[in-house]
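Remarks on the structure that follows.
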Amino acid sequence: MRIAQVSPLYESVPPKYYGGTERIVSYLTEELVRQGHEVTLFASADSVTRAHLISPCKRSLRLDKDCIDPIAHHILLLEQVFQMADEFDIIHFHIDYIHFPLFRRCHTPHLTTLHGRLDIRDIAPLYQEFREIPVVSISNAQQRQMPWLNWMGTVYHGLPKDLYRLHEVPGKYLAFLGRISPEKRPDRAIKIAERAGMELKMAAKVDKADKEYFETVIRPMLNSPFVEFIGEIREGEKDEFLGNAYALLFPIDWPEPFGLVVIEAMACGTPVIAWRCGSVPEVIRDGINGFIVDSLEEAVKAVERTRYLKRRVCRKIFEQRFTATRMAKDYLCLYEEAILRERPLLKAV
Numbered sequence: 106m107r108i109a110q111v112s113p114l115y116e117s118v119p120p121k122y123y124g125g126t127e128r129i130v131s132y133l134t135e136e137l138v139r140q141g142h143e144v145t146l147f148a149s150a151d152s153v154t155r156a157h158l159i160s161p162c163k164r165s166l167r168l169d170k171d172c173i174d175p176i177a178h179h180i181l182l183l184e185q186v187f188q189m190a191d192e193f194d195i196i197h198f199h200i201d202y203i204h205f206p207l208f209r210r211c212h213t214p215h216l217t218t219l220h221g222r223l224d225i226r227d228i229a230p231l232y233q234e235f236r237e238i239p240v241v242s243i244s245n246a247q248q249r250q251m252p253w254l255n256w257m258g259t260v261y262h263g264l265p266k267d268l269y270r271l272h273e274v275p276g277k278y279l280a281f282l283g284r285i286s287p288e289k290r291p292d293r294a295i296k297i298a299e300r301a302g303m304e305l306k307m308a309a310k311v312d313k314a315d316k317e318y319f320e321t322v323i324r325p326m327l328n329s330p331f332v333e334f335i336g337e338i339r340e341g342e343k344d345e346f347l348g349n350a351y352a353l354l355f356p357i358d359w360p361e362p363f364g365l366v367v368i369e370a371m372a373c374g375t376p377v378i379a380w381r382c383g384s385v386p387e388v389i390r391d392g393i394n395g396f397i398v399d400s401l402e403e404a405v406k407a408v409e410r411t412r413y414l415k416r417r418v419c420r421k422i423f424e425q426r427f428t429a430t431r432m433a434k435d436y437l438c439l440y441e442e443a444i445l446r447e448r449p450l451l452k453a454v
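If you're matching positions, the sequence shown starts at 106 in the working numbering and goes up one per residue.
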């Protein structure tokens, strides 16, 4: 199958540091190539892939200090994809809705994975206008925000099976990995560690949009003797960071569409303590590969109970449900369905 993968340009594919969407695009692209498909990846030129790479910009925009207008690069991206559209059997977009007006008028089969939150009031009229565009969710919970969209199905994220290794012996610290922002609730993570009397290591980036929150709310809390703030870490550092942790804290306060870090921890055998929000009940099996909580008190109790969870079981659940091979298989089924929707005569051939 001739497949185009269209990635955001803010991070490379895979990203050097933080970047969940671009990381999934990379895992999916490389797995499709491994399975023998002809894949073209539209991404920044500093991306690394075995697919055919087409790049509208020289480097990922977040790390490009000279980038002033990121939208300009994405408009160029759309033009490049549109010019080549007839060369593909299917185009898979990962760039939210920016391509909707153009590709509503394109006859090449396409679908869009929505990686972000859908509970934002501003975007509702846009999705209502383009409600016929075929879209894919990354959790069933995500669909509930806009049930009237043209959902083709849900495809859970997946990781290469050998990307992380099982760490059978639990570490002595709690881990927080991701982004410092109000909805990720790093303040909760610090409070849990303090009440549990356990060290917390925080590997997280701070975006410009969250700088004030970091300075006014989080930085004063970093004076706690239980907290070590590491900052943003590279992909190659995650295995040790997550694998050597006692548990991952995922104390979110928003309708999380998926939560990639949760399955990264599971792949290492590390249990997860998470708030009951968004996709969490779909990914975590309460009392088996982690605990789902509704309060700070429950989270502190879960820290104690985590010692009884089996790290081999956490890893096994990852292998059963969240590998890149399974993810690619699910998407290939949707690709075939999208092609038959757009070109129904092929069904009779």
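Cβ atoms here follow ideal geometry from the backbone N, Cα and C, with glycine treated the same way.
Can you look up residue i in the DSSP assignment and give me helix, strand or coil?
{"i": "D191", "result": "helix"}
{"i": "P113", "result": "coil"}
{"i": "F319", "result": "helix"}
{"i": "H178", "result": "helix"}
{"i": "I196", "result": "strand"}
{"i": "T213", "result": "coil"}
{"i": "A74", "result": "Nothing about residue 74 can be reported from this structure: the residues present for the chain run from 106 to 454 only."}
{"i": "I424", "result": "Checking the displayed sequence, the identity of residue 424 turns out to be Glu instead of Ile. E424: helix per DSSP, three-state reduction."}
{"i": "G276", "result": "coil"}
Roughly how many angstroms lie between the CA atoms of residue i and residue j, to the nearest whole one?
{"i": "V405", "j": "I297", "result": "6 Å"}
{"i": "I422", "j": "I173", "result": "43 Å"}
{"i": "L168", "j": "Y413", "result": "42 Å"}
{"i": "Y440", "j": "G374", "result": "32 Å"}
{"i": "I273", "j": "N255", "result": "Sequence inspection shows Glu at residue 273; the Ile mentioned does not correspond to that position. In a straight line, the C-alpha of E273 is about 43 Å away from that of N255."}
{"i": "T126", "j": "M257", "result": "19 Å"}
{"i": "A443", "j": "H197", "result": "10 Å"}
{"i": "R339", "j": "G124", "result": "11 Å"}
{"i": "P362", "j": "G383", "result": "6 Å"}
{"i": "L450", "j": "I195", "result": "Because L450 carries a pLDDT of 48, less than 50, the predicted location of this residue cannot be relied on, and no value is offered for it."}
{"i": "D391", "j": "V186", "result": "43 Å"}
Please classify residue i as buried or exposed, where buried requires at least 16 neighbouring CB atoms within 10 angstroms.
{"i": "W253", "result": "exposed"}
{"i": "S244", "result": "buried"}
{"i": "P120", "result": "buried"}
{"i": "L231", "result": "exposed"}
{"i": "K289", "result": "buried"}
{"i": "K343", "result": "buried"}
{"i": "N328", "result": "exposed"}
Nearest to residue i by alpha carbon, out of the options?
{"i": "C211", "options": "G124, L439, G276 and A190", "result": "A190"}
{"i": "L158", "options": "A148, L114 and Y269", "result": "A148"}
{"i": "L183", "options": "S384, I338, Q110 and E136", "result": "Q110"}
{"i": "I203", "options": "I389, P175 and I195", "result": "P175"}
{"i": "T411", "options": "L279, P214 and Y115", "result": "L279"}
{"i": "M326", "options": "M307, P161, R155 and S384", "result": "M307"}
{"i": "Q188", "options": "R164, T213 and F355", "result": "T213"}
{"i": "D95", "options": "L181, V118 and I129", "result": "As shown, the chain starts at 106 and ends at 454. That puts residue 95 outside it, with no answer to give."}
{"i": "E320", "options": "P287, F346, A301 and P239", "result": "P287"}
{"i": "H102", "options": "G221, D312 and W359", "result": "This structure gives no information on residue 102, because the portion of the chain shown stretches from 106 to 454."}
{"i": "A372", "options": "D194, R324, P161 and A429", "result": "A429"}
{"i": "A80", "options": "Y436, I285 and A433", "result": "Examination of residue 80 is not possible in this model, given that the chain is present from 106 through 454 alone."}
{"i": "L347", "options": "Y132, I368 and K170", "result": "I368"}
{"i": "L365", "options": "F235, A301, I397 and V388", "result": "V388"}
So does residue i have its beta carbon nearer than 7 Å to some heavy atom of the ligand SAM?
{"i": "A308", "result": "In the structure shown, the ligand SAM is absent, as is every other ligand, since no ligand is present at all."}
Handout entry: Uninterrupted alpha helix (DSSP H) stretches inside the region 287-331 (no shorter than 4 residues)
Key = 291-301
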